[in-house]
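The numbering used here applies: residue 1 is where the sequence shown begins, and numbers increase by one.
Note that beta-carbon positions come from the ideal geometry of N, C-alpha and C, so glycine has one too.
Below you'll find the structure, written out as structure tokens, and then a few comments.
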Amino acid sequence: MPELPSADESVLLVDAWNRPIGDCSRRIMRRHMLRHRATYVLVIDSQQRLCVQKRSGQKDYCPGWWDLAAGGVVNVGESYRLSAERELQEELGISAPIQFLREFFTFGEDGGRAFGQVFVCPWQGDIHRQAEEIDAVEWWTAADVSRQRASITPDSWLAWQIYRQQPPSVSVSVGQRLQCQQQLWQIQAMFTDLQGESMAVLSDSKGRCETIAVTTLQAICRDGDTLMPMFATVT
């Protein structure tokens, strides 16, 4: 089966702290299960129906399954929001404001590892699907989604659960200690960077320091079944 042109796109790779470390083709990322970023845009109409897309049979991940969200892998040089807006326009022909909901970290059933961000887009207009990527588009109720659970991509199902349940994020604060396997880290400081992102400074018993976004820290702390945690909160 021929691959889609997107298999050769250059995607951003990240480390366990969601920091950029390089890039590779989408094909290589899938083959070696490399850690990356992904976006999920839930399109909701005035009747609270969800716009769902049947994935092309040529897709490398879950061909022929139903996606509950537009979006995809974040490419090199893109922010989460820019990637989400681009994918929304390319896949569904929608150019509209999107609202950030939450960040999460997941291991896909294919072994893929991604830091995902979920967005919501209220939409009442027409849909123009990207024919080479999407075989069909439908509007589903929450009951429809539940009935079709077995044919829905695992990661978009998590994005839907985040939207439906909207569990509270892990609270982080200065002085809090976090257990990572046998290593104990402590949050030493928090600040806002030049882009307006809330950041946390962590140190371990050996004096090593790490600075990461608070949303990333929340995503890799223990917080229910939708996440694969790196940290357990100690205090």
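Note down the Cα distance separating residue i from residue j, rounded to an integer number of angstroms.
i: isoleucine 21; j: arginine 30; result: 17 Å
i: isoleucine 152; j: glycine 207; result: 45 Å
i: glutamine 176; j: glutamine 188; result: 8 Å
i: aspartate 193; j: leucine 202; result: 16 Å
i: isoleucine 212; j: alanine 70; result: 27 Å
i: arginine 147; j: glutamate 87; result: 27 Å
i: arginine 164; j: aspartate 67; result: 16 Å
i: tryptophan 65; j: aspartate 204; result: 43 Å
i: glutamine 183; j: alanine 150; result: 39 Å
i: leucine 158; j: glycine 93; result: 24 Å
i: cysteine 221; j: phenylalanine 104; result: 10 Å
i: serine 25; j: isoleucine 127; result: 29 Å
i: glutamate 91; j: isoleucine 28; result: 23 Å
i: cysteine 180; j: alanine 131; result: 44 Å
Could you please give the first and the last residue of the uninterrupted beta strand (DSSP E) stretch that includes residue i?
i: alanine 200; result: 198–204
i: valine 137; result: 134–140
i: alanine 131; result: Looking at the DSSP string, alanine 131 is not in any beta strand (DSSP E), and its letter there is neither H nor E.
Across which residues does DSSP place residue i in a beta bridge pair?
i: threonine 39; result: Gln117
i: glutamine 99; result: Val120
i: asparagine 75; result: Val11
i: aspartate 67; result: Gln53
i: glycine 22; result: Leu13
i: cysteine 62; result: None, per the DSSP bridge assignment.
i: isoleucine 44; result: Leu50, Pro122
i: glutamate 210; result: Leu202
i: threonine 239; result: Given a span of 1 to 235 for the chain in the structure shown, any question on residue 239 remains unanswerable.
Within the same chain, show all residues whose beta-carbon is closer than 6 Å to that of residue i, passing over the 5 residues directly before and after it, in chain order.
i: histidine 32; result: none
i: valine 120; result: Leu42, Gln99, Leu101
i: leucine 217; result: Val172, Ala200
i: aspartate 15; result: Ile21
i: glutamate 197; result: Ala213
By Cβ distance, which residues of its chain are closer than 7 Å to residue i, with the 5 residues on each side in sequence left out?
i: aspartate 122; result: According to the sequence provided, residue 122 is proline. The question's aspartate does not apply to it. So the qualifying residues of the chain are Ile44.
i: serine 46; result: Gln124
i: asparagine 75; result: Glu9, Ser10, Val11, Leu12, Ser83
i: serine 156; result: Tyr40, Asp67, Leu68, Ala69
i: glutamate 210; result: Trp17, Leu202
i: cysteine 62; result: Arg55, Thr153
i: tyrosine 80; result: Arg37, Thr39, Val74, Gln117
i: threonine 215; result: Glu103
i: alanine 219; result: Glu103, Phe104, Phe105, Phe115, Leu227
Output the boundary residues of the alpha helix (DSSP H) element that contains residue i.
i: aspartate 155; result: 154–165
i: arginine 81; result: 80–92
Leaving aside the five residues before and after residue i along the sequence, list all residues of the same chain whose C-beta is less than 8 Å from its C-beta, in chain order.
i: alanine 142; result: Gln48, Leu50, Arg164
i: valine 174; result: Ile187, Gln188, Ala189, Met190
i: alanine 136; result: Gln53, Lys54, Arg129
i: serine 95; result: Glu85, Leu88, Gln89
i: arginine 19; result: Ile212
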